[in-house]
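**Student:** In the numbering used here, the protein residues as written are 25 to 278. Have a look at the structure that comes next, please.
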(Lines of atoms letter the chains of each structure in order from A and count residues from 1; the text may use other names and numbers.)
(Lines give C-alpha, C1' and ligand atoms only; values in the text may rest on other atoms or scores of the structure.)
Protein backbone atom coordinates (compact mmCIF):
# COMPACT_ATOMS: atom_id res chain seq x y z
CA UNK A 1 0.00 0.00 0.00
CA UNK A 2 2.83 2.41 0.84
CA UNK A 3 4.38 1.93 -2.61
CA UNK A 4 0.98 2.58 -4.25
CA UNK A 5 0.61 5.85 -2.35
CA UNK A 6 4.16 6.84 -3.25
CA UNK A 7 3.49 6.06 -6.91
CA UNK A 8 0.28 8.07 -6.78
CA UNK A 9 2.06 11.08 -5.30
CA UNK A 10 4.81 10.81 -7.90
CA UNK A 11 2.26 10.67 -10.71
CA UNK A 12 0.50 13.72 -9.30
CA UNK A 13 3.78 15.65 -9.10
CA UNK A 14 4.64 14.66 -12.65
CA UNK A 15 1.21 15.65 -13.94
CA UNK A 16 1.46 19.13 -12.39
CA UNK A 17 5.01 19.45 -13.73
CA UNK A 18 3.75 18.68 -17.25
CA UNK A 19 0.97 21.28 -16.93
CA UNK A 20 3.49 23.91 -15.86
CA UNK A 21 5.81 22.98 -18.73
CA UNK A 22 2.89 23.33 -21.13
CA UNK A 23 2.12 26.78 -19.73
CA UNK A 24 5.78 27.81 -20.06
CA UNK A 25 5.72 26.64 -23.70
CA UNK A 26 2.73 28.84 -24.51
CA UNK A 27 -0.02 26.33 -23.76
CA UNK A 28 0.49 23.83 -26.58
CA UNK A 29 3.19 21.17 -26.96
CA UNK A 30 3.94 17.79 -28.46
CA UNK A 31 4.81 14.66 -26.51
CA UNK A 32 8.40 14.65 -27.78
CA UNK A 33 8.88 18.24 -26.55
CA UNK A 34 7.56 17.31 -23.10
CA UNK A 35 9.81 14.27 -23.01
CA UNK A 36 12.86 16.33 -23.93
CA UNK A 37 12.18 19.04 -21.34
CA UNK A 38 11.03 16.79 -18.50
CA UNK A 39 13.33 13.80 -19.03
CA UNK A 40 10.38 11.41 -18.66
CA UNK A 41 9.93 8.51 -21.11
CA UNK A 42 7.27 8.91 -23.79
CA UNK A 43 5.03 6.09 -22.48
CA UNK A 44 4.87 7.74 -19.05
CA UNK A 45 4.03 11.13 -20.54
CA UNK A 46 1.40 9.60 -22.82
CA UNK A 47 -0.28 7.88 -19.86
CA UNK A 48 -0.31 11.07 -17.78
CA UNK A 49 -1.59 13.17 -20.67
CA UNK A 50 -4.42 10.74 -21.39
CA UNK A 51 -5.52 11.06 -17.75
CA UNK A 52 -5.38 14.87 -17.95
CA UNK A 53 -7.38 14.78 -21.20
CA UNK A 54 -10.01 12.53 -19.61
CA UNK A 55 -10.30 15.00 -16.71
CA UNK A 56 -10.62 18.02 -19.03
CA UNK A 57 -7.42 19.74 -17.94
CA UNK A 58 -5.73 19.05 -21.29
CA UNK A 59 -7.17 18.61 -24.77
CA UNK A 60 -5.67 17.03 -27.84
CA UNK A 61 -5.58 19.16 -30.96
CA UNK A 62 -6.35 17.89 -34.49
CA UNK A 63 -2.59 18.08 -35.17
CA UNK A 64 -2.07 15.58 -32.30
CA UNK A 65 -0.38 18.17 -30.10
CA UNK A 66 -1.68 18.79 -26.60
CA UNK A 67 -3.09 22.07 -25.28
CA UNK A 68 -4.18 23.28 -21.85
CA UNK A 69 -7.87 22.55 -21.41
CA UNK A 70 -10.84 24.76 -20.54
CA UNK A 71 -11.36 23.20 -17.13
CA UNK A 72 -8.23 24.98 -15.95
CA UNK A 73 -9.98 28.33 -16.50
CA UNK A 74 -12.32 27.77 -13.57
CA UNK A 75 -9.42 26.83 -11.33
CA UNK A 76 -7.48 29.88 -12.47
CA UNK A 77 -10.38 32.26 -11.88
CA UNK A 78 -10.98 30.85 -8.40
CA UNK A 79 -7.28 31.07 -7.61
CA UNK A 80 -7.14 34.72 -8.77
CA UNK A 81 -10.07 35.61 -6.51
CA UNK A 82 -8.40 33.85 -3.58
CA UNK A 83 -5.12 35.63 -4.29
CA UNK A 84 -6.99 38.93 -4.11
CA UNK A 85 -8.59 37.92 -0.81
CA UNK A 86 -5.19 37.09 0.70
CA UNK A 87 -3.81 40.41 -0.54
CA UNK A 88 -6.46 42.70 0.95
CA UNK A 89 -4.97 43.02 4.49
CA UNK A 90 -1.62 43.99 2.94
CA UNK A 91 -3.28 46.47 0.61
CA UNK A 92 -5.05 47.93 3.66
CA UNK A 93 -1.64 48.40 5.32
CA UNK A 94 -0.46 50.12 2.16
CA UNK A 95 -3.42 52.53 2.25
CA UNK A 96 -2.75 53.24 5.93
CA UNK A 97 0.91 54.00 5.23
CA UNK A 98 0.51 56.05 2.04
CA UNK A 99 -3.01 57.44 2.19
CA UNK A 100 -3.65 56.39 -1.41
CA UNK A 101 -5.77 53.68 -3.05
CA UNK A 102 -3.98 50.31 -3.24
CA UNK A 103 -4.49 47.71 -5.97
CA UNK A 104 -3.37 44.22 -6.93
CA UNK A 105 -3.34 43.03 -10.54
CA UNK A 106 -2.36 40.00 -12.60
CA UNK A 107 -1.36 39.62 -16.25
CA UNK A 108 -4.02 37.49 -17.95
CA UNK A 109 -3.19 36.87 -21.58
CA UNK A 110 -2.62 40.26 -23.20
CA UNK A 111 -4.48 42.19 -20.50
CA UNK A 112 -4.06 43.28 -16.91
CA UNK A 113 -6.89 42.27 -14.59
CA UNK A 114 -7.40 43.89 -11.19
CA UNK A 115 -8.11 41.26 -8.52
CA UNK A 116 -8.17 43.38 -5.33
CA UNK A 117 -8.45 46.99 -4.21
CA UNK A 118 -8.61 48.93 -0.95
CA UNK A 119 -9.71 52.56 -1.49
CA UNK A 120 -8.10 55.66 -0.03
CA UNK A 121 -9.93 57.53 2.73
CA UNK A 122 -9.52 60.82 0.87
CA UNK A 123 -12.66 62.28 -0.66
CA UNK A 124 -10.71 62.63 -3.91
CA UNK A 125 -9.48 59.14 -4.63
CA UNK A 126 -8.98 56.66 -7.44
CA UNK A 127 -11.39 53.79 -7.97
CA UNK A 128 -10.80 50.78 -10.19
CA UNK A 129 -13.45 48.06 -10.29
CA UNK A 130 -12.15 44.64 -9.26
CA UNK A 131 -12.30 42.46 -12.35
CA UNK A 132 -11.59 45.39 -14.69
CA UNK A 133 -9.30 44.58 -17.60
CA UNK A 134 -6.97 47.09 -19.24
CA UNK A 135 -4.07 46.94 -21.66
CA UNK A 136 -0.75 46.78 -19.81
CA UNK A 137 1.28 49.37 -21.73
CA UNK A 138 -0.53 52.33 -20.15
CA UNK A 139 -0.66 51.13 -16.53
CA UNK A 140 1.88 51.01 -13.71
CA UNK A 141 1.00 47.42 -12.80
CA UNK A 142 1.17 46.39 -16.46
CA UNK A 143 4.60 47.92 -16.88
CA UNK A 144 5.85 46.32 -13.67
CA UNK A 145 4.65 42.91 -14.85
CA UNK A 146 5.98 43.23 -18.42
CA UNK A 147 9.39 44.34 -17.13
CA UNK A 148 9.96 40.68 -16.22
CA UNK A 149 8.83 39.28 -19.59
CA UNK A 150 11.40 38.61 -22.37
CA UNK A 151 11.57 41.55 -24.82
CA UNK A 152 10.53 39.47 -27.83
CA UNK A 153 7.38 38.36 -26.00
CA UNK A 154 6.63 41.97 -25.03
CA UNK A 155 6.98 43.04 -28.68
CA UNK A 156 4.59 40.28 -29.75
CA UNK A 157 2.05 41.35 -27.11
CA UNK A 158 2.30 45.00 -28.16
CA UNK A 159 1.81 44.00 -31.79
CA UNK A 160 -1.38 42.19 -30.85
CA UNK A 161 -2.81 44.99 -28.69
CA UNK A 162 -1.78 47.83 -30.99
CA UNK A 163 -0.75 50.16 -28.12
CA UNK A 164 -3.73 52.55 -28.30
CA UNK A 165 -3.27 55.89 -26.52
CA UNK A 166 -5.44 56.31 -23.43
CA UNK A 167 -4.08 59.87 -22.98
CA UNK A 168 -1.55 62.05 -24.77
CA UNK A 169 1.06 60.80 -22.27
CA UNK A 170 0.62 57.09 -23.15
CA UNK A 171 3.72 55.44 -24.62
CA UNK A 172 2.70 54.20 -28.07
CA UNK A 173 6.10 53.27 -29.56
CA UNK A 174 7.38 49.71 -28.90
CA UNK A 175 11.05 50.76 -28.75
CA UNK A 176 10.28 53.56 -26.29
CA UNK A 177 8.21 51.15 -24.22
CA UNK A 178 11.00 48.55 -24.08
CA UNK A 179 13.39 51.28 -22.99
CA UNK A 180 10.91 52.18 -20.25
CA UNK A 181 10.86 48.54 -19.10
CA UNK A 182 14.67 48.53 -18.88
CA UNK A 183 14.47 51.66 -16.72
CA UNK A 184 11.90 49.93 -14.49
CA UNK A 185 14.18 46.93 -14.01
CA UNK A 186 17.00 49.25 -12.92
CA UNK A 187 14.99 51.47 -10.55
CA UNK A 188 12.83 48.66 -9.14
CA UNK A 189 9.39 50.18 -9.66
CA UNK A 190 7.05 51.36 -12.42
CA UNK A 191 5.25 54.67 -12.87
CA UNK A 192 2.05 55.48 -14.74
CA UNK A 193 2.36 59.26 -15.08
CA UNK A 194 -1.01 60.44 -16.46
CA UNK A 195 -0.78 57.64 -19.04
CA UNK A 196 -4.01 55.76 -18.25
CA UNK A 197 -6.01 58.71 -16.95
CA UNK A 198 -5.20 62.42 -16.98
CA UNK A 199 -4.47 63.75 -13.50
CA UNK A 200 -3.65 60.33 -12.03
CA UNK A 201 -0.25 58.90 -11.09
CA UNK A 202 0.37 55.29 -10.14
CA UNK A 203 3.41 53.58 -8.61
CA UNK A 204 3.73 49.80 -8.93
CA UNK A 205 6.03 46.89 -8.06
CA UNK A 206 5.83 43.17 -8.65
CA UNK A 207 5.26 40.68 -5.82
CA UNK A 208 8.48 38.62 -5.61
CA UNK A 209 8.12 34.87 -6.13
CA UNK A 210 4.32 35.08 -6.43
CA UNK A 211 2.80 31.75 -7.60
CA UNK A 212 1.46 33.69 -10.57
CA UNK A 213 2.96 36.98 -11.77
CA UNK A 214 1.33 39.73 -9.69
CA UNK A 215 1.87 43.42 -9.02
CA UNK A 216 0.64 45.83 -6.38
CA UNK A 217 0.29 49.57 -6.75
CA UNK A 218 -0.93 52.80 -5.23
CA UNK A 219 -2.77 55.38 -7.32
CA UNK A 220 -3.86 58.89 -6.58
CA UNK A 221 -4.15 62.43 -7.90
CA UNK A 222 -0.96 63.70 -9.51
CA UNK A 223 -1.03 66.61 -7.06
CA UNK A 224 -0.53 64.18 -4.14
CA UNK A 225 1.55 61.42 -5.78
CA UNK A 226 4.38 63.82 -6.58
CA UNK A 227 8.06 63.08 -7.21
CA UNK A 228 8.76 63.92 -3.56
CA UNK A 229 5.99 61.58 -2.40
CA UNK A 230 7.34 58.85 -4.71
CA UNK A 231 10.62 58.73 -2.77
CA UNK A 232 8.69 57.96 0.41
CA UNK A 233 6.04 55.67 -1.08
CA UNK A 234 8.22 53.31 -3.14
CA UNK A 235 10.10 51.77 -0.15
CA UNK A 236 6.75 51.20 1.58
CA UNK A 237 5.35 49.61 -1.58
CA UNK A 238 8.36 47.32 -1.91
CA UNK A 239 8.16 46.36 1.75
CA UNK A 240 4.49 45.40 1.50
CA UNK A 241 5.25 43.39 -1.66
CA UNK A 242 7.88 41.40 0.26
CA UNK A 243 5.46 40.80 3.14
CA UNK A 244 2.77 39.61 0.75
CA UNK A 245 5.28 37.35 -0.98
CA UNK A 246 6.18 35.74 2.35
CA UNK A 247 2.50 35.29 3.21
CA UNK A 248 1.77 33.62 -0.13
CA UNK A 249 4.76 31.32 0.29
CA UNK A 250 3.53 30.39 3.77
CA UNK A 251 0.05 29.62 2.44
CA UNK A 252 1.56 27.56 -0.35
CA UNK A 253 3.66 25.57 2.09
CA UNK A 254 0.62 24.85 4.20
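Ideal Cβ placement from N, Cα and C applies to all residues, glycine included. Model, not experiment: these values are computed from the prediction.
Taking the alpha helix (DSSP H) that residue 62 falls in, what are its first and last residues?
**Tutor:** Counted from its first residue, the chain shown places residue 62 at position 38. 55–62 is the span of the alpha helix (DSSP H), which, as asked, contains residue 62.
**Student:** Is residue 264 near residue 138, with beta carbons less than 8 Å apart?
**Tutor:** In the chain shown, counting from the first residue as 1, residue 264 sits at position 240. In the chain shown, counting from the first residue as 1, residue 138 sits at position 114. Not a contact, by the Cβ cut-off of 8 Å.
**Student:** Any idea what DSSP makes of residue 243, helix, strand or coil?
**Tutor:** The sequence position of residue 243 within the chain shown is 219, counting from 1. DSSP places residue 243 in strand when its eight states are reduced to three.
**Student:** Less than 8 Å between the C-beta atoms of residue 231 and residue 212, yes or no?
**Tutor:** Start at 1 with the first residue of the chain shown, and residue 231 comes out as number 207. Start at 1 with the first residue of the chain shown, and residue 212 comes out as number 188. Not a contact, by the Cβ cut-off of 8 Å.
**Student:** For the alpha helix (DSSP H) that residue 136 lies in, which residues bound it at each end?
**Tutor:** The count along the chain shown starts at 1 and reaches residue 136 at position 112. That residue, residue 136, is in no alpha helix (DSSP H); its beta strand (DSSP E) goes 135–142.
**Student:** Got a sec, what are the start and stop residues for the alpha helix (DSSP H) residue 352 sits in?
**Tutor:** The requested residue 352 is not part of the displayed model; the chain covers only 25 to 278.
**Student:** Quick one: which unbroken alpha helix (DSSP H) runs of 4-plus residues sit fully inside the region 148–172? Chain order, please.
**Tutor:** Listed in chain order, the complete alpha helix (DSSP H) runs (minimum 4 residues) inside the region 148–172 are 164–170.
**Student:** Name the DSSP bridge partner or partners of residue 217?
**Tutor:** Position 193 of the chain shown, counted from the first residue, corresponds to residue 217. Paired residues: 225.
**Student:** To the nearest whole angstrom, what separates the beta carbons of residue 119 and residue 129, a pair I think is in contact under 8 Å?
**Tutor:** Position 95 of the chain shown, counted from the first residue, corresponds to residue 119. Position 105 of the chain shown, counted from the first residue, corresponds to residue 129. That pair is no contact at about 16 Å.
**Student:** Mark residue 108 as exposed unless 16 or more other C-beta atoms lie within 10 angstroms of its C-beta, in which case mark it buried.
**Tutor:** Taking the chain shown and counting its residues from 1, one reaches residue 108 at position 84. Residue 108 comes out buried.
**Student:** Relative to the alpha-carbon of residue 160, which residue among 184, 144, 111 and 141 has its alpha-carbon at the smallest distance?
**Tutor:** In the chain shown, counting from the first residue as 1, residue 160 sits at position 136. Checking every option, the nearest Cα to that of residue 160 belongs to 184.
**Student:** Please determine whether the Cβ atom of residue 217 lies at a distance below 7 Å from any heavy atom of the ligand COA.
**Tutor:** This structure simply doesn't include the ligand COA, nor any ligand for that matter.
**Student:** Whose CA, out of 51, 50, 52 and 69, lies closest to the CA of residue 59?
**Tutor:** For the purposes of this step, residue 59 is taken as residue 35 along the chain shown, with counting starting at 1. Of the candidates 51, 50, 52 and 69, the one whose C-alpha sits nearest the C-alpha of residue 59 is 69.
**Student:** Since I believe residue 194 is in contact with residue 219 (beta carbons under 8 Å), could you give me their beta-carbon distance rounded to a whole number of angstroms?
**Tutor:** Start at 1 with the first residue of the chain shown, and residue 219 comes out as number 195. Start at 1 with the first residue of the chain shown, and residue 194 comes out as number 170. So it is a contact: roughly 5 Å between Cβ atoms.
**Student:** On the three-state DSSP scale, how would you describe residue 48?
**Tutor:** Position 24 of the chain shown, counted from the first residue, corresponds to residue 48. Looking at residue 48 - three-state DSSP - the assignment turns out to be helix.
**Student:** Rounded to the nearest angstrom, what separates residue 95 and residue 204 at their Cα positions?
**Tutor:** Sequence index remark: in the chain shown, residue 95 carries index 71 (1-based). Sequence index remark: in the chain shown, residue 204 carries index 180 (1-based). Distance between the alpha carbons of residue 95 and residue 204: 37 Å.
**Student:** First and last residue of the beta strand (DSSP E) that includes residue 83?
**Tutor:** Along the chain shown, one-based indexing puts residue 83 at 59. First-last of the beta strand (DSSP E) with residue 83: 82–84.
**Student:** Considering just the uninterrupted stretch of the beta strand (DSSP E) at residue 125, what are its terminal residues?
**Tutor:** The residue given as residue 125 occupies position 101 in the chain shown. 125–132 is the extent of the beta strand (DSSP E) around residue 125.
**Student:** Measure how close the beta-carbons of residue 237 and residue 169 come, nearest whole angstrom, since I'm counting them as under 8 Å.
**Tutor:** Here the question's residue 237 lines up with position 213 in the chain shown. Here the question's residue 169 lines up with position 145 in the chain shown. Indeed, because the Cβ distance is near 5 Å, the residues count as touching under 8 Å.
**Student:** Tell me the rounded alpha-carbon separation between residue 191 and residue 133.
**Tutor:** One-based indexing of the chain shown puts residue 191 at position 167. One-based indexing of the chain shown puts residue 133 at position 109. Distance between the alpha carbons of residue 191 and residue 133: 23 Å.
**Student:** Measuring straight from C-alpha to C-alpha, what distance separates residue 122 and residue 233?
**Tutor:** If you number the chain shown from 1, residue 122 lands on position 98. If you number the chain shown from 1, residue 233 lands on position 209. Approximately 24 Å between the Cα atoms of the pair.
**Student:** Would residue 52 and residue 84 qualify as a contact pair, given that the criterion is a beta-carbon distance under 8 Å?
**Tutor:** Along the chain shown, read from residue 1 onward, the residue named residue 52 stands at position 28. Along the chain shown, read from residue 1 onward, the residue named residue 84 stands at position 60. Result no, Cβ atoms of residue 52 and residue 84 do not sit closer than 8 Å.
**Student:** Among residues of its own chain, excluding the 5 on either side of residue 50, which ones have a beta-carbon nearer than 8 Å to its beta-carbon?
**Tutor:** The sequence position of residue 50 within the chain shown is 26, counting from 1. Hits under 8 Å: none found.
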